[in-house]
Amino acid sequence: MVREVSGGVEIRVKVVPGASREGVAGVLGDRVKVRVSAPAEDGRANAAVCRVLAGALGVKGASVRIVSGHGSREKSVVVEGPSATAVRERLGLA
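Position 20 of the sequence shown, counted from 1, bears residue number 19 in numbering that gives the first Met the number 0, the numbering being contiguous throughout.
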């Protein structure tokens, strides 16, 4: 679910769009569950996922990008900067 890749750390996420509260909500299967209030239309939920993860990890929004799953609730996100260990700790997965 969190691993080092070329260019950063990949996080496999399961997105819950339209949630009443935003944030990282633990683990769901082999993915990190991320709740966003934005609906899944016009890329708004994708932008919210990047914003929520950037806030949780303490990095700039530009350091977080979706690399696969743009039209799906299951996505792969790459974060530039912190190590995989730091990402796990900041997301409460360690």
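Virtual Cβ for every residue (Gly too), placed ideally from N, Cα, C.
Suppose the cutoff is 8 Å on Cβ atoms and the five residues either side in sequence are ignored; what does the same chain contact list for residue i look like?
i   : result
V31 : M0, V1, I10, R11, V12, K13, V23, G25, L90, L92
A39 : V14, P16, G17, R72
E21 : R34, V35, S36, A47, V51
T84 : A93
D29 : M0, R11
Under 7 Å between the Cβ atoms of residue i and residue j?
i   : j   : result
G68 : K74 : yes
V35 : V58 : no
V4  : V86 : no
V63 : A53 : yes
G60 : C49 : yes
Which residues in the same chain as residue i place their Cβ atom closer than 7 Å to its Cβ, once the five residues preceding and following it in sequence are excluded?
i   : result
N45 : I65, H69
G6  : V77, E79
Is it buried or exposed, residue i, if we count other Cβ atoms within 10 angstroms and call 16 or more buried?
i   : result
A47 : buried
V78 : buried
According to DSSP, what are the bridge partners of residue i?
i   : result
R2  : E9
S67 : S75
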